[in-house]
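Below is one structure, written out as structure tokens; comments come after it.
Protein chains: 2
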Amino acid sequence: MKVSKIGEFGLINVLSGMLAENRQPRKRAWRELLVDIGDDAMVWKPSLPHQIATVDSLVENIHFTLKTVTWRELGWKSLAVNLSDIAAMGGIPLYALISLGLPGNTAVADIKTLYGGMLEIGGTYNVAISGGDTVSSPFVFISVTVIGCASNPEGKVMRRSAALPGDLVAVTGALGASAGGLRMLLHNLEFPPKATAALRRAHLTPAPHIREGQTLVALGVKAGMDISDGLVGDLTHICELSRVGARLNVERVPVSKTVKSCFQEEALTLALSGGEDYELLFTAPPDIIDKVKTALKCPVTVVGEMTAQNQGRVILVNNQGKPVRLEKTGWDHFPAAETK
Amino acid sequence: MKVSKIGEFGLINVLSGMLAENRQPRKRAWRELLVDIGDDAMVWKPSLPHQIATVDSLVENIHFTLKTVTWRELGWKSLAVNLSDIAAMGGIPLYALISLGLPGNTAVADIKTLYGGMLEIGGTYNVAISGGDTVSSPFVFISVTVIGCASNPEGKVMRRSAALPGDLVAVTGALGASAGGLRMLLHNLEFPPKATAALRRAHLTPAPHIREGQTLVALGVKAGMDISDGLVGDLTHICELSRVGARLNVERVPVSKTVKSCFQEEALTLALSGGEDYELLFTAPPDIIDKVKTALKCPVTVVGEMTAQNQGRVILVNNQGKPVRLEKTGWDHFPAAETK
Chain A
589 MKVSKIGEFG
599 LINVLSGMLA
609 ENRQPRKRAW
619 RELLVDIGDD
629 AMVWKPSLPH
639 QIATVDSLVE
649 NIHFTLKTVT
659 WRELGWKSLA
669 VNLSDIAAMG
679 GIPLYALISL
689 GLPGNTAVAD
699 IKTLYGGMLE
709 IGGTYNVAIS
719 GGDTVSSPFV
729 FISVTVIGCA
739 SNPEGKVMRR
749 SAALPGDLVA
759 VTGALGASAG
769 GLRMLLHNLE
779 FPPKATAALR
789 RAHLTPAPHI
799 REGQTLVALG
809 VKAGMDISDG
819 LVGDLTHICE
829 LSRVGARLNV
839 ERVPVSKTVK
849 SCFQEEALTL
859 ALSGGEDYEL
869 LFTAPPDIID
879 KVKTALKCPV
889 TVVGEMTAQN
899 QGRVILVNNQ
909 GKPVRLEKTG
919 WDHFPAAETK
Chain B
589 MKVSKIGEFG
599 LINVLSGMLA
609 ENRQPRKRAW
619 RELLVDIGDD
629 AMVWKPSLPH
639 QIATVDSLVE
649 NIHFTLKTVT
659 WRELGWKSLA
669 VNLSDIAAMG
679 GIPLYALISL
689 GLPGNTAVAD
699 IKTLYGGMLE
709 IGGTYNVAIS
719 GGDTVSSPFV
729 FISVTVIGCA
739 SNPEGKVMRR
749 SAALPGDLVA
759 VTGALGASAG
769 GLRMLLHNLE
779 FPPKATAALR
789 RAHLTPAPHI
799 REGQTLVALG
809 VKAGMDISDG
819 LVGDLTHICE
829 LSRVGARLNV
839 ERVPVSKTVK
849 SCFQEEALTL
859 ALSGGEDYEL
869 LFTAPPDIID
879 KVKTALKCPV
889 TVVGEMTAQN
899 QGRVILVNNQ
909 GKPVRLEKTG
919 WDHFPAAETK
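Residue numbers (the working numbering), protein chains in the order written: chain A, 589 to 928; chain B, 589 to 928.
Below, the structure is given as structure tokens:
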């Protein structure tokens, strides 16, 4: 059965039924939700004072290809990248609004699987899919808005603009596996089954670090973001917006073991500039970093420090403090013709 | 200059500059906005307790073609359809998040004009463009999320599900001009200059009825929506969600004078099922309708009544109360193969 056969309103009925079955009435999002699917807009009554919202779109043949991603993975990832933006602020994600562009010949079963993936990650992180629209489109696109709130009554969040000279730079987890997964999928690379599964998971069903983001804010971390464009590119954003510089010790960067074993000498480049790891990148004074290391269960690695010099720039150095060079520094949706 | 030349971050810089110039610090949206463009997410601290959000996407060659719409009109309309959803609830729109899909060869000047159109309508209705993303895409699409709040501390809003038997059915303004404008543009129809301008305006730069929606809620109207799919189709939505029926007197429907003069005997069909008029459709007991007529400056026309019979259906009748038939009942994004 194609979506063109059941029509927009038939599709809305199918999806509304799935959403209704997945309500979790005792969780915050559903407790505070007053009007959801079926009306012109959603209505909610938040109990914490500071609200957060973000939007991101995934486009077929630009951000994904249906040749390599399953509909379930696509559903998971389209929500994950937005939940990660809320995690990057240290907030609580609560609601997702889904705007879905679909060719008329898309199978209804595929869209149900897509929503299944969204409901799976929504259920994992207590996020309610609370509205959206479905439109005809020559290609698939998924535009997701996630709304939530600051995790504390004071409205403390992490900002890209709050890094200070003398702050240490730290990252959660290990980097490079998402970019490695993308390369594996695009070039049909063959690796041992365990590595294949890990790379695929890293690229297609990443886990947003929501609790970790909240813990960082609670411990006093003021500057941070999630790693979506690549460590070097994203640290450059922090440098630009905070009007400071950074020294990044490439030898300290935590490279995914799977990536090391599968990509050898390219592993570091994937970790530095591959992007889409959705780990958290943050800066704070050394005493706060120590507290973070104790509080978080995931690895936390100090990879450099913020500097008053080199405003807006990241200087890559090795263990001896000597500058090193890299070819690529991140991922740009419309790559500029010249190197920046 | 193409967007592929300045890159995603170059484009974000250009647009951020435009947004900064258009801040209105004394208006509610900007007063309550704490973090906007440049961070992972926006943050705001609402002063009214009930929050409202809605999303809608416009896709090139489905909802518009760049052969007939200017970039400024496209910017206006993409925001207008979402502001109208907030108006349909009787709410106050405050923030717009814009997710923009663009081919790399789009001219930067065109995107600035698009944002100019968004800023124009945003300025008119005191709505801040407060975030978004820009992605590469084979076609232009614009996904807009509008966030606002209920216009009263009690959280009263209009619902599609709140119509009761005995309620009168009323609409603001006159209908059919947007559908007439679309037909004129698609078929290069020639009309007198004044009519041409009015039809184009109705289709491409509609005015969301925000104040009118707030007044309706304040006067006690509980059931309503905006007319986006067409009067008959949208009234059917109210019937379905309210589990009631409706009798609609087609001879009382306020048809746009311009549409009557340009489309003669087709005018009524355009008014009943053309869609995208963004007038308000609402139901209420007769005494409330009388108050609404006194309070609103725009025309308010009673076109029928809600009934306990014919649950989920709209019965079209003439002045004599005799049933009449129409071929089309609305606009469906994925038209189902059979007639519903």
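Ideal Cβ positions, reconstructed from N, Cα and C, are used throughout, including at glycine. These figures come from a predicted structure and were not determined experimentally.
Proximity to residue i [Cα-Cα], best of the options
i, options, result
"residue 810 of chain B", "B/819, B/822, B/798 and B/826", "B/826"
"residue 873 of chain B", "B/736, B/755, B/699 and B/633", "B/755"
"residue 780 of chain A", "A/847, A/594 and A/676", "A/847"
"residue 722 of chain A", "A/861, A/602 and A/886", "A/602"
"residue 716 of chain A", "A/911, A/622 and A/904", "A/622"
"residue 909 of chain A", "A/697, A/877 and A/834", "A/834"
"residue 645 of chain A", "A/727, A/718 and A/655", "A/727"
"residue 706 of chain B", "B/660, B/751, B/861 and B/636", "B/660"
"residue 829 of chain B", "A/712, A/596, A/761 and A/628", "A/628"
"residue 880 of chain B", "B/767, B/758, B/620 and B/663", "B/758"
"residue 772 of chain A", "A/898, A/694 and A/783", "A/783"
"residue 748 of chain A", "A/766, A/637, A/676 and A/647", "A/676"
"residue 877 of chain A", "A/889, A/885 and A/867", "A/889"
"residue 764 of chain B", "B/738, B/842, B/700 and B/804", "B/842"
"residue 788 of chain A", "A/887, A/903, A/612 and A/664", "A/664"
"residue 797 of chain A", "A/786, A/605 and A/712", "A/712"
"residue 761 of chain B", "B/884, B/616, B/744 and B/750", "B/884"
Beta-carbon proximity check, residue i vs residue j, cutoff 8 Å
i, j, result
"residue 652 of chain A", "residue 689 of chain A", "no"
"residue 753 of chain A", "residue 894 of chain A", "yes"
"residue 687 of chain A", "residue 731 of chain B", "yes"
"residue 791 of chain A", "residue 708 of chain A", "no"
"residue 870 of chain A", "residue 812 of chain A", "yes"
"residue 607 of chain B", "residue 625 of chain B", "yes"
"residue 670 of chain B", "residue 734 of chain B", "yes"
"residue 744 of chain B", "residue 738 of chain B", "yes"
Where the beta strand (DSSP E) through residue i begins and ends
i, result
"residue 903 of chain A", "902-905"
"residue 629 of chain B", "Here residue 629 of chain B belongs to no beta strand (DSSP E), and DSSP marks it neither H nor E."
"residue 861 of chain B", "It is not in any beta strand (DSSP E) - residue 861 of chain B instead sits in the alpha helix (DSSP H) that spans 855-861."
"residue 718 of chain B", "716-724"
"residue 727 of chain A", "Careful: residue 727 of chain A lies outside any beta strand (DSSP E) and carries neither H nor E."
"residue 890 of chain A", "888-895"
"residue 833 of chain B", "833-837"
C-beta neighbour in chain B for residue i, strict 8 Å
i, result
"residue 755 of chain A", "no"
"residue 687 of chain A", "yes"
"residue 652 of chain A", "no"
"residue 802 of chain A", "no"
"residue 917 of chain A", "Confidence is the limiting factor: at residue 917 of chain A the pLDDT is only 48, short of 50, which leaves the residue's position unreliable, though a coordinate-based value still follows. Closer than 8 Å: no."
"residue 645 of chain A", "yes"
"residue 659 of chain A", "no"
"residue 781 of chain A", "no"
"residue 664 of chain A", "no"
"residue 729 of chain A", "yes"
"residue 629 of chain A", "yes"
"residue 908 of chain A", "no"
"residue 711 of chain A", "no"
"residue 775 of chain A", "no"
CB contact check: residue i to chain A, cutoff 8 Å
i, result
"residue 747 of chain B", "yes"
"residue 764 of chain B", "no"
"residue 797 of chain B", "no"
"residue 726 of chain B", "yes"
"residue 608 of chain B", "no"
"residue 888 of chain B", "no"
"residue 881 of chain B", "no"
Residue span of the alpha helix (DSSP H) that contains residue i, given as start and end
i, result
"residue 705 of chain B", "696-712"
"residue 828 of chain B", "819-830"
"residue 883 of chain A", "874-883"
"residue 849 of chain A", "845-851"
Any chain D beta carbon closer than 8 Å to residue i
i, result
"residue 617 of chain B", "Annotation note: the requested chain D is absent from the structure, which comprises protein chains A and B."
Which complete beta strand (DSSP E) runs does the region 739-813 of chain A hold, if anything under 3 residues is left out? 756-760
Curious, which full-length beta strand (DSSP E) runs of at least 3 residues does the region 598-679 of chain B contain? 621-623, 630-632 and 639-647
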